[in-house]
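Undergrad: One structure coming up, written as C-alpha cells, with questions to follow.
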Amino acid sequence: MGSPQGRIPELRKDSVTNRWVIFSPARAKRPSDFKSKSPTTTQTQQQQDCPFCLGHEHQCAPEIFRVPPSSGPHWKIRVIENLYPALSRTLADPSAQYPILNPNPNPNPNPNPNPGSGVKVLGGFGFHDVVIETPVHSVQLSDLSPQEVGEVLLAYKKRIEQLSTHDSIKFVQVFKNHGASAGASMSHSHSQIIALPVVPANVSARLDSMNGFFHETGKCSICEVGVEDLLIDESTHFFAIVPFAATFPFEIWIIPRHHSSHFHELDGAKAVDLGGLLKLMLRKISLQLNNPPFNFMIHTSPLRVTNSELPYTHWFLQIIPQLTVVAGFEIGTGCHINPVFPEDAAKVLREVQNSE
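Next comes the structure, spelled out in C-alpha cells:
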C-alpha cells in the first residue's frame, strides 16, 4: 500500500444516508498507525462501588427482566430502568400490555403552546433502559462467547418487542457507549435502549434516502452495498464491511445477508451467528487500534412501517471507534472528513489477527 499522502482527496456520497464524506488521507499517517491515543480503561470504577455487579442489585433502578428468568441471586443479563433517564416512563400509555409505574392517562401533558407558531412540543415521555451484559465487572462484551453475545442481542429483541406494545412509541434505539470519551459513565459493560414517541430526523433522512434509491433502481440500497475491497469478514447470515463512504475512520457495518426491516425479527440461530461476528469485530478494533473508546448503534426501522416501505428498509449494526474529533466543519455542514480510505481500513482490519 502506497503512502496515503500520495493519494488525492475524494468526496464520496453514501447511498444509504445521502451524506457526502471527504476523504483526505494527507491528514493521517499510515492506516496501520491510526491507533487510539487514550485507550479505554475498564477498571476506573472499583467492583465494590459498582451497582451493576452481582450482589449489588439493590443499588439499581427497578429491574424489567433478567436472563435466565429467575428470582435467585445468580443471573447472566439484567435489563433495568435507567436511574437517570432521558425520558419519563410515568407519562407513557397505561393501556399497554406491560405495566409501567404511576401511569398518567395523558401522554401529552404539554401541548403546543401556540399551534400557529410552528413550534412543536410533546411531553417528555418514553423509555430509557440499561442492559447489563455480564455480572462480572472485569468482563467486556468482546470477552463473551458468541452464544453469550447472542443472548445479549436477544435481550434487546425481547425489550423492543415489549416496548412495541405501547402505541405511542414510534422508534427504539439500541446503542452501546464504551469508554468515557464515547459517553459511558459506567465502566461495567452495558448498553442502553431508548424508546421514543417520535421518529428522529436522522432516521427519517435515512429512510428517505433509501426510498429514493429504491424508486430509482427498484432495489434496496443495503442489499446492494458493494463488498469488494471493503469486506472485513463474514458469517452464515451476516457480513462486516467498512462502508464505501465511511463517516469515521475504521467505521464498521454488520449487515444481514437477507433483507430484513427490523432488528427484532432476529431469531436465536441468527443471534448467535451475529454474536460471533460482532465479537470478532470488537476484538479486531481493540487489537489493531489500541482498545479505543467506541459506540455501536443498531439502525433499525420505525416500529410501524407500511407494506410499501418494507422493500427498502433494511437494518444494520454500526460500530464507530472514537479516533477523531467532530469539529466546526462537521457540525456546520454535516459533511465529515475521514483521514482513512475505507479500502485501506478494511485491509488493515482483515489482516489483524484475533488472539482468541
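Residue numbers 21 to 376, in the numbering used here, belong to the letters of the sequence shown in order.
The C-beta atom is built at its ideal place from N, Cα and C for all residues, glycine as well.
Only a predicted model underlies this, so the values are computations on that prediction, with no experimental measurement involved.
1. Could you give the distance in angstroms between the alpha-carbon of E30 and the alpha-carbon of C355?
2. Output the distance between the C-alpha atoms of N231 and R324, rounded to the nearest integer angstrom.
3. Which residue spans inside the segment 177-241 form an unbroken beta strand (DSSP E) run of at least 3?
4. CB-CB under 7 angstroms to V219, same chain, minus the five flanking residues each way: which ones, in chain order?
5. Assess contact between the segment 177-197 and the segment 277-290, defined as three or more Cβ pairs (one per stretch) separated by less than 8 angstroms. Is contact present?
6. Closer than 6 angstroms by C-beta to G170: which residues in its own chain qualify, once you throw out the five before and the five after it? Chain order, please.
7. For I152, which residues of its own chain have a beta-carbon under 6 angstroms away from its beta-carbon, when the five flanking residues on both sides are left out?
8. Just checking my contact of A365 with V262 at CB under 8 angstroms: how many whole Å lie between their CB atoms?
9. Which first and last residues belong to the alpha helix (DSSP H) in which Q308 is found?
10. Please state the DSSP three-state secondary structure of K367.
11. Please report the straight-line C-alpha distance between P362 and N327, rounded to a whole angstrom.
12. Drop a sphere of 10 angstroms on the beta-carbon of L164, count the other beta-carbons inside from all chains shown, and report buried for 16 or more, exposed for fewer.
13. Roughly how many angstroms lie between the CA atoms of A221 and P93, to the nearest whole one?
14. Does the beta-carbon of Q160 have 16 or more other beta-carbons within 10 angstroms, so that it is buried, or is it exposed?
15. If you drop the 5 nearest sequence neighbours on each side, which residues of the same chain put their C-beta closer than 6 angstroms to that of T154?
16. Can you name the start and end residues of the beta strand (DSSP E) that E83 belongs to?
17. Could you give the residue range of the beta strand (DSSP E) that holds I351?
18. Compare the Cα-Cα distances from E236 to each of Y332, S158 and W40 and report the closest residue.
19. On the CB-based measure, 16 or more other CB atoms within 10 Å of its CB, does V194 come out buried or exposed?
20. Helix, strand or coil, according to DSSP, for E171 in the structure here?
21. At the level of alpha carbons, what is the spacing between A81 and V41?
22. Buried or exposed: which applies to L343, given that a residue is buried once 16 or more other Cβ atoms fall within 10 Å of its Cβ?
23. Based on the DSSP output, what are the partners of L2 in its beta bridges?
24. Taking 9 angstroms as the cut-off, decide whether the C-beta atoms of H279 and H257 are in contact.
25. Which whole-angstrom value describes the C-beta separation of I274 and L227, a residue pair presumed to lie in contact below a C-beta threshold of 8 angstroms?
26. Mind checking which residues open and close the beta strand (DSSP E) that includes I28?
27. Name the residue from L174, A200, L173 and G146 whose alpha carbon lies nearest to the alpha carbon of A106.
28. Going by DSSP, what residue range makes up the beta strand (DSSP E) through H356?
29. Please return the same chain residues whose Cβ sits closer than 6 angstroms to the Cβ of R27, not counting the five positions on each side in sequence.
30. Which value, in whole angstroms, describes the spacing of the CA atoms of N122 and P312?
31. Please report the residue range of the beta strand (DSSP E) in which A260 lies.
32. To the nearest angstrom, how far is the alpha carbon of Q373 from that of S108?
33. Taking only three categories from DSSP, how would you classify S255?
34. Quick one: residues in its chain with C-beta nearer than 6 angstroms to the C-beta of R86, no 5 flanking neighbours on either side, listed in chain order?
35. Find the nearest neighbour of K33 within the set F314, N358, H186 and V150, judged by alpha-carbon distance.
TA: According to the data block:
1. Here residue 30 refers to the residue found at position 10 of the sequence shown. Here residue 355 refers to the residue found at position 335 of the sequence shown. E30 and C355: Cα-Cα distance of roughly 13 angstroms.
2. Taking the sequence shown and counting its residues from 1, the one referred to as residue 231 is at position 211. Taking the sequence shown and counting its residues from 1, the one referred to as residue 324 is at position 304. Near 16 angstroms, if we compare the C-alpha coordinates of R324 and N231.
3. 191-198 and 210-216
4. Taking the sequence shown and counting its residues from 1, the one referred to as residue 219 is at position 199. Exclusion of the five residues before and after V219 leaves K190, F191 and P322 as the residues of its chain whose Cβ lies within less than 7 angstroms of its Cβ.
5. Note that the segment 177-197 touches the segment 277-290; at least 3 beta-carbon pairs, one per stretch, sit closer than 8 angstroms.
6. Position 150 of the sequence shown, counted from the first residue, corresponds to residue 170. Excluding residues within five positions, the ones whose Cβ falls inside 6 angstroms are A291, V292 and G295.
7. In the sequence shown, counting from the first residue as 1, residue 152 sits at position 132. Around I152: F72, R98 and H210.
8. By 1-based counting over the sequence shown, the position of residue 365 is 345. By 1-based counting over the sequence shown, the position of residue 262 is 242. With 8 angstroms as the limit, A365 and V262 qualify as a contact, their Cβ atoms being about 5 angstroms apart.
9. Along the sequence shown, read from residue 1 onward, the residue named residue 308 stands at position 288. Where Q308 is concerned, the enclosing alpha helix (DSSP H) stretches over G288 to Q308.
10. Locating residue 367 in the sequence shown gives position 347, counting from the first residue. In the structure shown, K367 sits in a helix (DSSP, three-state: H, G or I).
11. For this step, residue 362 is matched to residue 342 along the sequence shown. For this step, residue 327 is matched to residue 307 along the sequence shown. Using only the alpha carbons, I get a separation of about 34 angstroms.
12. The count along the sequence shown starts at 1 and reaches residue 164 at position 144. L164 should be labelled buried.
13. Here residue 221 refers to the residue found at position 201 when the sequence shown is read from its first residue. Here residue 93 refers to the residue found at position 73 when the sequence shown is read from its first residue. Approximately 42 angstroms, taken between the alpha carbons.
14. Against the sequence shown, residue 160 aligns to sequence position 140. Q160 should be labelled buried.
15. Here the question's residue 154 lines up with position 134 in the sequence shown. Hits under 6 angstroms: S209.
16. As a working mapping, residue 83 is identified with position 63 in the sequence shown. Where E83 is concerned, the enclosing beta strand (DSSP E) stretches over E83 to V87.
17. As a working note, residue 351 is residue 331 in the sequence shown. Taken as a continuous stretch (DSSP letters only), I351 belongs to no beta strand (DSSP E), being part of the alpha helix (DSSP H) at G348 to T353.
18. As a working note, residue 236 is residue 216 in the sequence shown. Of the candidates Y332, S158 and W40, the one whose C-alpha sits nearest the C-alpha of E236 is Y332.
19. Numbered from 1 along the sequence shown, position 174 holds the residue referred to as residue 194. With 16 or more other Cβ atoms within 10 Å, it is buried.
20. Counted from its first residue, the sequence shown places residue 171 at position 151. E171: helix per DSSP, three-state reduction.
21. Walking along the sequence shown from the start, residue 81 turns up at place 61. Walking along the sequence shown from the start, residue 41 turns up at place 21. Taking the straight line from one Cα to the other gives about 41 angstroms.
22. Working through the sequence shown from its first residue, we reach residue 343 at position 323. By the neighbour-count rule (16 or more Cβ atoms within 10 Å), L343 is buried.
23. With the chain represented from 21 up to 376, any question about residue 2 goes unanswered, as that position is not in the structure.
24. By 1-based counting over the sequence shown, the position of residue 279 is 259. By 1-based counting over the sequence shown, the position of residue 257 is 237. No, the pair does not count as a contact, with Cβ atoms beyond the cut-off.
25. Taking the first residue of the sequence shown as position 1, residue 274 is located at position 254. Taking the first residue of the sequence shown as position 1, residue 227 is located at position 207. The Cβ separation is near 20 angstroms, so there is no contact.
26. Taking the sequence shown and counting its residues from 1, one reaches residue 28 at position 8. First-last for I28: undefined, no H or E at that position.
27. For the purposes of this step, residue 106 is identified with residue 86 of the sequence shown, where counting begins at 1. Nearest C-alpha to A106: G146.
28. Indexing the sequence shown from 1 puts residue 356 at position 336. Element bounds for H356: H356 to N358.
29. Along the sequence shown, read from residue 1 onward, the residue named residue 27 stands at position 7. The residues are P45.
30. Within the sequence shown, the letter at position 102 stands for residue 122. Within the sequence shown, the letter at position 292 stands for residue 312. Low confidence applies here, because N122 scores a pLDDT of 41, under 50, leaving its location unreliable and the question unanswered by this model.
31. Locating residue 260 in the sequence shown gives position 240, where the first residue counts as 1. Following the DSSP letters along the chain, one finds A260 inside the beta strand (DSSP E) bounded by residues F258 to I261.
32. Position 353 of the sequence shown, counting from 1, holds the residue named residue 373. Position 88 of the sequence shown, counting from 1, holds the residue named residue 108. Going from the Cα of Q373 to the Cα of S108 covers about 45 angstroms.
33. Counting from one through the sequence shown, the residue named residue 255 turns up at place 235. The answer is coil: DSSP assigns S255 none of H, G, I, E or B.
34. Along the sequence shown, read from residue 1 onward, the residue named residue 86 stands at position 66. Cβ neighbours of R86 beyond the five flanking positions: W95 and R98.
35. Counting from 1 along the sequence shown, the entry for residue 33 is found at position 13. Considering only alpha carbons, the answer is N358.
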